[in-house]
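Report on the structure given below.
There are 2 protein chains.
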Amino acid sequence: MDKRTHIINTALTAFYQKGIHAVGINEILKESGVAKKTLYNHFVSKDELICACLEARDKRFNHWLNDRLKNCDTPFEIASALFGSLSIWIDNKAIELGDFNGCFFINTAAEFPHSDHPIAILCSAHKKAVLQLLFDKLSQTTQFKSKSEKAKQLAQLLMTLKEGMICQARVMHSSNQLLQDPLLLRQLVQSYIPKPLQDADFSVS
Amino acid sequence: MDKRTHIINTALTAFYQKGIHAVGINEILKESGVAKKTLYNHFVSKDELICACLEARDKRFNHWLNDRLKNCDTPFEIASALFGSLSIWIDNKAIELGDFNGCFFINTAAEFPHSDHPIAILCSAHKKAVLQLLFDKLSQTTQFKSKSEKAKQLAQLLMTLKEGMICQARVMHSSNQLLQDPLLLRQLVQSYIPKPLQDADFSVS
DNA sequence: CCAAAAGTAGACCGACTTGTCTACACGCAA
DNA sequence: TTGCGTGTAGACAAGTCGGTCTACTTTTGG
Numbered sequence: 001m002d003k004r005t006h007i008i009n010t011a012l013t014a015f016y017q018k019g020i021h022a023v024g025i026n027e028i029l030k031e032s033g034v035a036k037k038t039l040y041n042h043f044v045s046k047d048e049l050i051c052a053c054l055e056a057r058d059k060r061f062n063h064w065l066n067d068r069l070k071n072c073d074t075p076f077e078i079a080s081a082l083f084g085s086l087s088i089w090i091d092n093k094a095i096e097l098g099d100f101n102g103c104f105f106i107n108t109a110a111e112f113p114h115s116d117h118p119i120a121i122l123c124s125a126h127k128k129a130v131l132q133l134l135f136d137k138l139s140q141t142t143q144f145k146s147k148s149e150k151a152k153q154l155a156q157l158l159m160t161l162k163e164g165m166i167c168q169a170r171v172m173h174s175s176n177q178l179l180q181d182p183l184l185l186r187q188l189v190q191s192y193i194p195k196p197l198q199d200a201d202f203s204v205s
Numbered sequence: 001m002d003k004r005t006h007i008i009n010t011a012l013t014a015f016y017q018k019g020i021h022a023v024g025i026n027e028i029l030k031e032s033g034v035a036k037k038t039l040y041n042h043f044v045s046k047d048e049l050i051c052a053c054l055e056a057r058d059k060r061f062n063h064w065l066n067d068r069l070k071n072c073d074t075p076f077e078i079a080s081a082l083f084g085s086l087s088i089w090i091d092n093k094a095i096e097l098g099d100f101n102g103c104f105f106i107n108t109a110a111e112f113p114h115s116d117h118p119i120a121i122l123c124s125a126h127k128k129a130v131l132q133l134l135f136d137k138l139s140q141t142t143q144f145k146s147k148s149e150k151a152k153q154l155a156q157l158l159m160t161l162k163e164g165m166i167c168q169a170r171v172m173h174s175s176n177q178l179l180q181d182p183l184l185l186r187q188l189v190q191s192y193i194p195k196p197l198q199d200a201d202f203s204v205s
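Those protein sequence lines, which keep their order, are chains S and Y.
Residue 187 in the UniProt record's numbering sits at position 187 of the first sequence, with consecutive numbering throughout.
Residue 15 in the UniProt record's numbering sits at position 15 of the second sequence, with consecutive numbering throughout.
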């Protein structure tokens with residue numbers, strides 16, 4: 001494997017599991033079996049390595065989520081697939097994402113409070129990308145075609161619930177099973193869908 | 001002021017604004033104008049100081065939230081007051097809580113991934129206390145009297161939304177204005193209230 | 001085939017970390 | 001007065017941090 005990629009993968013795993021400040025360069029070197037000079041040949045500093053890890057994680061997570069939502073055609077299906085996927089991740093059944101330890105971007109942002117720091121900017125960008133993904137998915141449904149305002153609002157709500165679910169699972173070690181309840185989910189989604197289309201959504205899903 | 005309290009207040013502000021690992025003992029000493037021996041006379045280690053800060057923050061936050069919810073008599077009022085209060089906090093208008101920098105407990109938990117670490121346990125305990133506070137409040141309403149199962153579920157949902165709202169505000173620098181919308185909020189709350197009581201809730205709030 | 005590039009191993013630097021310890025000052029109570 | 005508790009000021013220990021550098025080896029491409 002590419003040395004650079006190997007270093008990123010090793011560093012990402014360590015950073016995600018233990019936190020950025022808790023993992024030193026030397027630990028990454030030992031774990032990856034790479035010389036210090038090699039690392040600093042690929043990355044000018046630890047910060048740059050962190051940024052590369054964030055980009056790699058962003059790519060991996062978005063790909064995973066996009067894949068999980070690819071067969072969803074209604075808002076309800078999207079919401080259901082979203083929370084189902086999160087639950088799978090939390091239960092350590094999403095091997096692509098590694099052992100669950102909360103959201104890497106929320107965790108990392110907590111360690112870099114300055115909002116104009118490159119690392120904080122990448123964390124923010126990831127969240128915006130996920131929100132955009134949800135919005136795009138919802139916009140493609142027949143229920144939300146040319147109702148982008150409503151799609152935007154539901155995407156925002158799903159996003160907030162997603163973040164909350166991940167944080168709760170990380171801190172309290174208990175996920176919100178409620179969001180797996182089809183009845184509640186249907187009611188949540190329903191409130192955003194224009195009246196004439198609600199039945200259509202019901203019959204399909 | 002009590003030396004010990006003074007140290008805790010100084011440390012708490014620094015830890016909350018910059019993150020735990022980013023703040024050294026010496027910085028706290030300089031800021032508080034206290035000698036190193038004095039600090040180590042009150043706290044055996046940095047970890048113990050961190051724990052004292054978490055306890056102080058837990059007390060302060062719970063008191064603040066409890067105060068903000070004290071005049072709420074219906075589930076809708078509780079939800080409305082909750083998200084309104086969070087919005088005030090995020091907009092830096094809750095002086096008791098200091099400059100908003102996300103949830104101190106989520107941030108801190110991100111820096112201490114081992115779930116059996118005393119610090120992580122305190123973070124988890126805080127979240128459980130807040131959830132309990134919401135549950136108690138909801139249980140006291142006429143709509144949820146002796147419907148503790150439903151109250152539990154709504155408390156759980158509100159908690160998830162709260163965590164999500166705080167995380168989004170922290171990472172994306174944009175709060176979810178949606179949760180301030182009375183219409184949406186009413187629909188959210190409504191789905192948990194047993195049918196015969198819904199109108200009662202509506203007429204009161 | 002040979003030079004350039006990219007790798008390894010690890011000593012080393014200065015700055016920083018938590019935590020200990022000495023030396024000294026002040027206030028209070030017996 | 002004496003002695004104790006609590007405070008200050010800061011040197012110091014022992015270790016870690018990110019990052020640089022030397023010396024040497026391996027890989028690779030023209």
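The beta carbon of each residue, even a glycine, is placed where N, CA and C say it ideally should be.
Return the CA-CA distance between S45 (chain S) and D91 (chain Y), expressed in angstroms with no decimal places.
Taking the first sequence and counting its residues from 1, the one referred to as residue 45 (chain S) is at position 45. Taking the second sequence and counting its residues from 1, the one referred to as residue 91 (chain Y) is at position 91. The straight-line gap from Cα to Cα measures roughly 35 Å.
Under 7 Å Cβ to Cβ from Q17 (chain S), same chain only, skipping five residues before and after it: list those, please.
In the first sequence, residue 17 (chain S) corresponds to position 17, counting from 1. Same-chain partners within the cutoff: D99, N101.
Could you name the residues of the same chain whose beta carbon sits closer than 7 Å to that of S87 (chain S), not counting the 5 residues immediately before and after it, in chain order?
The sequence position of residue 87 (chain S) within the first sequence is 87, counting from 1. Within the same chain, S87 (chain S) has close Cβ partners S175, Q180.
Alpha carbon to alpha carbon, what distance is there between V34 (chain Y) and K3 (chain Y)?
Position 3 of the second sequence holds residue 3 (chain Y). Position 34 of the second sequence holds residue 34 (chain Y). The alpha-carbon atoms of K3 (chain Y) and V34 (chain Y) are separated by roughly 8 Å.
Looking at the C-beta of G19 (chain S), does it have a partner C-beta in chain Y at a distance below 9 Å?
Against the first sequence, residue 19 (chain S) aligns to sequence position 19. At least one chain Y Cβ lies under 9 Å of G19 (chain S).
Cβ of L154 (chain Y) within 9 Å of Cβ of V189 (chain Y)?
Position 154 of the second sequence holds residue 154 (chain Y). Position 189 of the second sequence holds residue 189 (chain Y). A contact, by the Cβ cut-off of 9 Å.
Helix, strand or coil, according to DSSP, for D91 (chain S) in the structure here?
As a position in the first sequence, residue 91 (chain S) is number 91, starting the count at 1. Of the three classes helix, strand and coil, the one that applies to D91 (chain S) here is coil, per DSSP.
Output, in sequence order along the chain, the residues in the stretch 113-136 of chain Y whose CB is closer than 7 Å to any CB in chain S.
P113, S115, C123, S124, K127, K128
Quick one: what does DSSP say V189 (chain S) is sitting in, helix, strand or coil?
Along the first sequence, one-based indexing puts residue 189 (chain S) at 189. Here V189 (chain S) sits in helix by DSSP.
Three or more C-beta pairs closer than 8 Å, one from the stretch 36-44 of chain S and one from the stretch 25-41 of chain Y: is that the case here?
no
CB contact check: L82 (chain Y) to chain S, cutoff 9 Å:
Your numbering for residue 82 (chain Y) matches position 82 in the second sequence. L82 (chain Y) does not count as touching chain S.
Can you tell me the Cβ-Cβ gap for H173 (chain Y) and S191 (chain S), rounded? I've got them flagged as a contact below 8 Å.
For the purposes of this step, residue 173 (chain Y) is taken as the residue at position 173 of the second sequence. For the purposes of this step, residue 191 (chain S) is taken as the residue at position 191 of the first sequence. That pair is no contact at about 27 Å.
Contact defined as beta carbons within less than 8 Å: I believe I106 (chain Y) pairs with F112 (chain Y). What is the distance between those atoms, to the nearest angstrom?
Translated into the one-based positions of the second sequence, residue 106 (chain Y) becomes position 106. Translated into the one-based positions of the second sequence, residue 112 (chain Y) becomes position 112. Contact flag wrong, Cβ pair sits at about 11 Å.
Is the beta carbon of F83 (chain Y) less than 9 Å from the beta carbon of C53 (chain Y)?
Numbered from its first residue, the second sequence carries residue 83 (chain Y) at position 83. Numbered from its first residue, the second sequence carries residue 53 (chain Y) at position 53. Taking 9 Å as the Cβ cut-off, F83 (chain Y) and C53 (chain Y) do not qualify as a contacting pair.
CB-CB under 8 Å to H6 (chain S), same chain, minus the five flanking residues each way: which ones, in chain order?
For this step, residue 6 (chain S) is matched to residue 6 along the first sequence. Correct list, in chain order: S32, V34.
Count the other CB atoms, across all protein chains shown, that sit within 10 Å of the CB of Q143 (chain Y); report buried if there are 16 or more and exposed otherwise.
Residue numbering aside, residue 143 (chain Y) sits at position 143 when the second sequence is read from its first letter. Result: buried.
Say whether chain Y places a C-beta atom closer than 9 Å to the C-beta of A200 (chain S).
Here residue 200 (chain S) corresponds to residue number 200 of the first sequence, with the count starting at 1. Summary for A200 (chain S): the model assigns pLDDT 43, below 50, so the residue's position carries little reliability, and this model does not support an answer.
Rounded straight-line distance, which links the Cα of T160 (chain S) to that of A94 (chain Y)
For this step, residue 94 (chain Y) is matched to residue 94 along the second sequence. For this step, residue 160 (chain S) is matched to residue 160 along the first sequence. Between A94 (chain Y) and T160 (chain S), the C-alpha separation is close to 22 Å.
Comparing C-alpha positions only, which one of S:S80, S:N62, S:A22 sits nearest to P182 (chain S)?
As a first step, residue 182 (chain S) must be located in the first sequence, where it is residue number 182. Checking every option, the nearest Cα to that of P182 (chain S) belongs to S:S80.
How would you list, in chain order, the residues of chain Y whose beta-carbon sits under 7 Å from the beta-carbon of R170 (chain S)?
Along the first sequence, one-based indexing puts residue 170 (chain S) at 170. Within 7 Å Cβ-Cβ: A109.
What residue from Y:K152, Y:A109, Y:L178 has the CA that sits closest to residue 215 (chain S)'s CA?
As displayed, chain S neither begins before 1 nor continues past 205, which places residue 215 (chain S) out of reach and without an answer.
Hey, could you find the ends of the alpha helix (DSSP H) residue 206 (chain Y) is sitting in?
Residue numbering for chain Y in the displayed model covers 1 to 205; residue 206 (chain Y) lies beyond these limits and cannot be assessed.
Kindly indicate if chain Y contains any beta-carbon less than 9 Å away from that of G98 (chain S).
Residue 98 (chain S) sits at position 98 when you count from the first residue of the first sequence. With 9 Å as the cut-off, G98 (chain S) does not count as an interface residue toward chain Y.
Under 8 Å by beta carbon: chain Y residues contacting G164 (chain S)
Taking the first sequence and counting its residues from 1, the one referred to as residue 164 (chain S) is at position 164. What G164 (chain S) touches in chain Y: M159, T160, L161, K162, E163, G164, M165, C167.
With H, G and I counted as helix, E and B as strand and the rest as coil, what does DSSP make of M165 (chain S)?
Stepping through the first sequence from its first residue, residue 165 (chain S) is reached at position 165. Helix, per DSSP.
Chain S within 9 Å of N92 (chain Y), Cβ atoms only:
The residue labelled residue 92 (chain Y) in the question sits at position 92 within the second sequence. With 9 Å as the cut-off, N92 (chain Y) does not count as an interface residue toward chain S.
Applying the 10 Å Cβ sphere with the 16-neighbour rule, what's the burial state of residue 218 (chain Y)?
Because residue 218 (chain Y) is not part of the residues shown, which for chain Y are 1 to 205, the question remains open.
Cut-off 6 Å between Cβ atoms - residues of its own chain near A200 (chain Y), not counting five sequence neighbours on either side:
For the purposes of this step, residue 200 (chain Y) is identified with residue 200 of the second sequence, where counting begins at 1. At A200 (chain Y), the pLDDT of 43 sits below 50, so the modelled position is not reliable; the number obtained from the coordinates is stated separately. There are no such residues.
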